[in-house]
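K.L.:
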């Protein structure tokens, strides 16, 4: 059975990273209300979640059957790049918490050979850029 593990610790925090530990980097599809509290327009939701992420959140909110899932924010990507390809503080922990929530909802377990949680991983920017990611 494959168990997701936490990546190696990042370098000491820089001054600009002081608030990263309290930041939300990961949202489950059914948490659109929490995302909308952070921003004041759908365009900003798309900026935060990317095109695919915001589409999945919108379909979930509209009642379209969407399997449980999560989105890592575009801010997490920007922070990762700014840190020299190191995950922001608490991001991986947030992924694991969200993944556990998906396991609980589906009754399946990531990496379990007898009852596997199958996932699809996609990248998505605010604007469509086929072949660029």
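Residue numbers (the numbering used here): 5 to 137. Virtual Cβ for every residue (Gly too), placed ideally from N, Cα, C. Just so we're clear, the structure is a prediction, and the values are computed from it rather than from any experiment.
#1: Can you tell me which of 72, 65, 98, 62 puts its alpha carbon nearest to the alpha carbon of residue 30?
#2: Look at the alpha carbon of residue 120 and the alpha carbon of residue 112, and state the distance between them as a whole number of angstroms.
#3: As an exercise, report each continuous beta strand (DSSP E) stretch of at least 3 residues that is fully enclosed by the segment 35-66, in chain order.
#4: In this structure, does DSSP put residue 103 in helix, strand or coil?
#5: For the beta strand (DSSP E) holding residue 74, just list the boundary residues, first then last.
#6: By the three-class DSSP mapping on this structure, what secondary structure does residue 109 have?
#7: Taking buried to mean at least 16 other C-beta atoms within 10 Å of its own C-beta, is residue 125 buried or exposed?
#8: Suppose contacts are defined by Cβ-Cβ distances below 8 angstroms. Is residue 74 in contact with residue 106 by that definition?
#9: What does the Cβ neighbour count give for residue 83, buried or exposed, with the cut at 16 atoms within 10 Å?
#10: Which residue comes first and which comes last in the beta strand (DSSP E) that contains residue 70?
#11: Can you give me the start and stop residues for the beta strand (DSSP E) that residue 125 sits inside?
#12: Taking 8 angstroms as the cut-off, decide whether the C-beta atoms of residue 69 and residue 109 are in contact.
P.N.:
Quick look at the numbers:
#1: 98
#2: 6 angstroms
#3: none
#4: helix
#5: 74-76
#6: helix
#7: exposed
#8: yes
#9: buried
#10: Premise fails: residue 70 is in no beta strand (DSSP E) and is neither H nor E.
#11: Residue 125 -> no beta strand (DSSP E), and no H or E assigned at all.
#12: no
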